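Report on one structure; see the data block that follows.
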Amino acid sequence: MSGTLEGRIALVTGVGAGMGTSIATAFARDGATVVGADIDEPAGRAVMDELGPAASFVACDVARVAETHELVRQVVASNGRLDVLVNNAGVTRSLGFFDVTEDDWDLINSVNNRGLFFLMQAAARAMRDDGGGGRIINIASIAGKGYRGTSNVAYAGTKGSVIAMTRIGATQLARYGINVNSICPGVTRTALFDQVIDGLVDRLGGTRAEAEARAVRSIPLRRANDPDDIAALAVYLASDAARNVTGQSWNVDGGLVWD
Ligand SMILES: NC(=O)c1ccc[n+]([C@@H]2O[C@H](COP(=O)([O-])OP(=O)(O)OC[C@H]3O[C@@H](n4cnc5c(N)ncnc54)[C@H](O)[C@@H]3O)[C@@H](O)[C@H]2O)c1
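All letters in the sequence shown, in the order written, are residues 21 to 279 by the working numbering.
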């Protein structure tokens, strides 16, 4: 097989569902050796088993820093190095401003913010020590840029943090040839989207179809993303074509937000 990612060693988190599945699949199709990680071992392993001999799975809760260190160690031990990290795993719930609890805050931040940073740090350390440079792609959200339809305020905060860490990370890792970019998905049809729609129905009433229609009506192109829309940009950011692109946060959202 030949593709734009031929010979790359890639690590993708949250491969058991949604965008992670699409990104791992697109990377494998484009020739990368892909290690997928997920807290949900049966789901993650099933996805990676489908992708052939160049794909493998490691169980990991990205909120546990020791597990992310072990994950990067295993990727390097099995493949010699790590070229691309896609920090995709993320969690949220649909919550009103006054409903966010300390437990919600801690869970959402432990995965989307703290976990994402320490995996980025561990991957960058391996890339620096190898000397061959690398790519880090963080899955943020347009929630981090003020999208009013976000699932909750704490989640939006974590995604704003990802965008800020992408900029500073890109600056501080540039000397090692490591490019850091974010993708900011808009409304995207995944399990997480279904969960947010269910939460909206519980909180605001109406039917699922009405809640979905409300979400899509506000999108200028009148179309929610498929996970493959995110995977296509991830392939570009991991490829040679994006060698001079770093510190950017790219919206894929049908025109919802501009900056
Ligand atoms: N779906 C959307 O509309 C949307 C919009 C903007 C941004 N995002 C972001 O995109 C990313 C992917 O979201 P999705 O919609 O594909 O989600 P999803 O819920 O469909 O899939 C997320 C995957 O991550 C895994 N995961 C959850 N917690 C984990 C942990 N602690 N360690 C390892 N794996 C874990 C889950 O098991 C699951 O397989 C997230 O960062 C999310 O915040 C989603």
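Here a beta-carbon is modelled for each residue, glycine too, at the ideal position from N, C-alpha and C. Quick caveat, the model's predicted, so the values are computed rather than measured.
Practice item. Spell out a yes or no on whether the region 96-104 and the region 150-161 are touching, meaning 3 or more CB-CB pairs, one atom from each, closer than 8 Å. Key: yes
Buried or exposed: F213, going by 16 or more other Cβ atoms within 10 Å of its Cβ? buried
Taking a contact to mean a Cβ-Cβ separation below 8 Å, would you say A172 touches M140 in this structure? Here residue 172 is Asn; the residue named in the question, Ala, does not match the sequence. Cβ atoms of N172 and M140: not closer than 8 Å.
- prompt: P240: which of N129, A251, V32, G206 sits nearest, CA to CA?
  reply: Nearest option by C-alpha distance: G206.
query = Which residues in the same chain have their Cβ closer than 8 Å to the Cβ of A254, if we skip the five residues on either side of it in sequence?
reply = I43, A46, F47, V106, I157, I203
Run through DSSP, which three-state label would T45 get? helix
With a Cβ-Cβ cutoff of 8 Å, do G56 and A86 count as a contact? no
Handout entry: P62 classed as buried or exposed, judged by whether at least 16 other C-beta atoms fall within 10 angstroms
Key = Answer is exposed; the Cβ neighbour count stays below 16.
How should R28 be labelled, buried or exposed, when 16 other C-beta atoms within 10 angstroms of its C-beta is the threshold for buried? buried
Determine the extent of the beta strand (DSSP E) in which F77 is found, giving its start and end residues. First-last of the beta strand (DSSP E) with F77: 75-79.
*May I ask which residues mark the beginning and end of the beta strand (DSSP E) holding N271?*
269-272
Discussion item. In the DSSP assignment, the alpha helix (DSSP H) including G216 goes from what residue to what residue?
Written reply: It is worth fixing the name first, because residue 216 is Val in this sequence and not Gly. Per DSSP, V216 belongs to the alpha helix (DSSP H) from 211-224.
Requested in this report: Just the C-alpha distance for N271 and G219, rounded to the nearest angstrom, thanks.
Outcome: Going by C-alpha positions, N271 is about 24 Å away from G219.
Discussion item. Is I157 a contact residue of ligand 1, with contact defined as CB to any heavy atom under 7 Å?
Written reply: no
For Q94, I'd like the list of residues in its chain whose CB is within less than 7 Å of its CB, leaving aside the five on either flank, ordered along the chain. V78
Query - Boundaries (first-last residue) of the beta strand (DSSP E) holding V55 - result: Per DSSP, the continuous beta strand (DSSP E) segment holding V55 begins and ends at 53-58.
- Mapping DSSP to helix, strand and coil, what is I250? helix
>> Could you check whether the Cβ of D249 sits closer than 8 Å to any Cβ belonging to chain C?
In response: The structure shown contains no chain C; it holds only a single protein chain.
- Do S259 and L71 have their C-beta atoms within less than 8 Å of each other? no
At which residue ranges does the region 121-193 contain complete beta strand (DSSP E) runs of 3 or more residues, listed in the order of the chain?
154-159
Open item on the list: Give me, in chain order, the residues of the same chain whose beta-carbon lies closer than 7 Å to that of T208; leave out the 5 immediate sequence neighbours on both sides.
Closed with: M39, A244, N245, P247, I250
Is the beta carbon of G34 closer than 8 Å to that of A109? yes
May I ask whether a heavy atom of ligand 1 can be found less than 7 Å away from the beta carbon of P62? no
### Message
Given this structure, state the Cα-to-Cα distance separating T98 from A66, to the nearest angstrom.
### Response
Note that residue 98 is Ser in the sequence shown here, rather than Thr. In a straight line, the C-alpha of S98 is about 20 Å away from that of A66.
Exposed or buried, A261, counting other C-beta atoms within 10 Å across all chains shown (16 or more means buried)? exposed
(Q) I want to check one thing, is the minimum distance from the CB of D58 to the heavy atoms of ligand 1 below 7 Å? (A) yes
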